[in-house]
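For the sequence shown, my numbering gives the first residue as 1055, with consecutive numbering after it. Ideal Cβ positions, reconstructed from N, Cα and C, are used throughout, including at glycine. Worksheet for the structure shown next.
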Amino acid sequence: MLKRILFGVLLVCTTISCTQNTEPIVNKEEIKPFIDEKKFVQKSGIEKVNEDITFWTSKLEENEAPVYKVKLASVYQSKFGITKDVSYLAKAENLLTESNNFYKEQNAGVLQALAQLSITKHDFQEAIEYAEQALTIGEDKLLSHMIIYDASMETGDFEHASYILENEITNKSSFNYLIRRSQFEDYSGNASESISALEKGAERIDYSESLSSWAHSNLGDRLGHEGNVPKSYDMFLKVLKKKRSGASYLHSLKGIAYIAYAHDGNTEFAKEILDFVHSNQESPDALLMYAEIAEYEGDDSLKREYLNEFYSKASDPKYYGMYDAELIQLAATEFGDFEVAEALIQKELENRPSPITYDLQAWVKFHKGEIEEARSILEDKVLGKTYEPVPAYHAGIILKEAGEEEKANNLLNYAKEASFELGPVTVRDINSKL
């Protein structure tokens, strides 16, 4: 049964859905032992990854065989997963491109590896092209189909993704099917079915600590989005307690930092956790949470410092298109740089023409003062096509400005049901508009 109904239909805000439990969830004494460099090194597996890099580098120095390049590229991607140092992604791409050239684009495994790397880069059209090339070669067609499914869910081609899910992934009890079924149910607004499928997937993969950690950290995310914050915390804690949790270790700590901030209001501990995560990762991601916490605390000057730093770092071409969505929003809403916002939104629409991207386009138009254009985009491309709360929030603000008071309030109340996911700052803005 749908947890949420499509935008535009009257929504009733019940006491249960609109009242946030104020009992603190994060146990500081329980979490502090995990904010530890030795534990991070041990549980993330970073030392083993470094050993593997040394091993395959030496092999490659002895013999520049493509097989060694593919092995080293895989390990580089593992290091990127843990550290978010994008230079390792670039190294992996160079090695895979060299291997692909050696095989004259006729090695399915190399093409699939390039496709998966393209997804990490957020180049979803390129990912589909590589996977379709691999599909024509005919080796391991299942993996090629799964990559195309993953990319299609990002580009908004949900019909094709559904076809692959139902017809190409034939083992309906496999981990690979269940995690994708979970994603599709989430897109369809079926929260309980989405979580159930992901839970079943986690059970199927308990023999692999890294995959199990990935599944449970994703469960933590999904449960939080659905408002089950205590269980979300439990999932993240479960990952931290595993002997080897890989890249999911810092992801789970960041999830707990968000709970400390958004649910408990414990911004000091949230920042303490975030400091540890940020010190062990090269990406600018944490700066956005720092900025949100600063705004929540009323420190607009500090918020602007963090946003300036994020904007500067994330704009570096070395990050490919990984932060385009965030840059679009900041360019339009914080910096008034509409030339950049418009250029990036066109690029993003070519790469990812999904309802989420069209929502961003409408949001940019709204901030430019083009209310009717924003409303037209919403009506044609967004409303009724996604269950996500952020587009509902944006649509509510835009339609209220356009004079559609009742529809706007319905959308804002709908968005407010996901108060934990949206965060206190956005909820405060919603309340000011209702």
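Closest in alpha carbon position to Lys-1297, among Thr-1174, Asn-1081, Phe-1094 and Val-1121, is Phe-1094.
A straight line joining the alpha-carbon of Lys-1367 with that of Lys-1086 spans about 29 angstroms. In this structure, the beta-carbon distance from Ile-1249 to Leu-1277 falls below 8 angstroms.
If the five residues before and after Leu-1143 are omitted, its C-beta is found closer than 6 angstroms to the C-beta atoms of Phe-1134, all from its own chain and listed in chain order.
Scanning the segment 1336 to 1365 for uninterrupted alpha helix (DSSP H) segments of 4 residues or longer gives 1339 to 1350, listed from N- to C-terminal end. Annotation: Phe-1088 is outside any alpha helix (DSSP H) and is labelled neither H nor E by DSSP. Where Tyr-1374 is concerned, there is no enclosing alpha helix (DSSP H), because DSSP gives it neither an H nor an E. Annotation: the continuous alpha helix (DSSP H) that includes Gly-1450 extends over 1443 to 1455.
The Cβ atoms of Val-1479 and Ala-1314 lie no closer than 8 angstroms to each other.
For Thr-1440, there is no enclosing alpha helix (DSSP H), as DSSP gives it neither H nor E.
For Asn-1282, the three-state secondary structure derived from DSSP is coil. Sequence-distant Cβ neighbours of Ala-1472 in its own chain, meaning closer than 6 angstroms and more than five residues away, are Pro-1443. Taking C-beta separations shorter than 6 angstroms and ignoring five residues to either side along the sequence, the partners of Leu-1307 in its chain run Ile-1327 and Val-1331, following chain order.
DSSP places Thr-1224 in the coil class of the three-state scheme, outside both helix and strand. Using a Cβ distance threshold of 8 angstroms, His-1176 and Tyr-1374 count as a contacting pair. Counting only the Cα atoms, Ala-1348 lies some 12 angstroms from Gly-1319. For Gly-1255, the uninterrupted alpha helix (DSSP H) segment begins and ends at 1245 to 1258. Per the C-alpha coordinates, the member of Gln-1179, Lys-1125 and Gln-1131 positioned closest to Ser-1153 is Lys-1125. Going by DSSP, Asn-1155 is part of the alpha helix (DSSP H) stretching over 1140 to 1156. Shortest Cα-Cα distance from Thr-1387 to any of Leu-1361, Asn-1405, Ser-1408 and Tyr-1217 involves Leu-1361.
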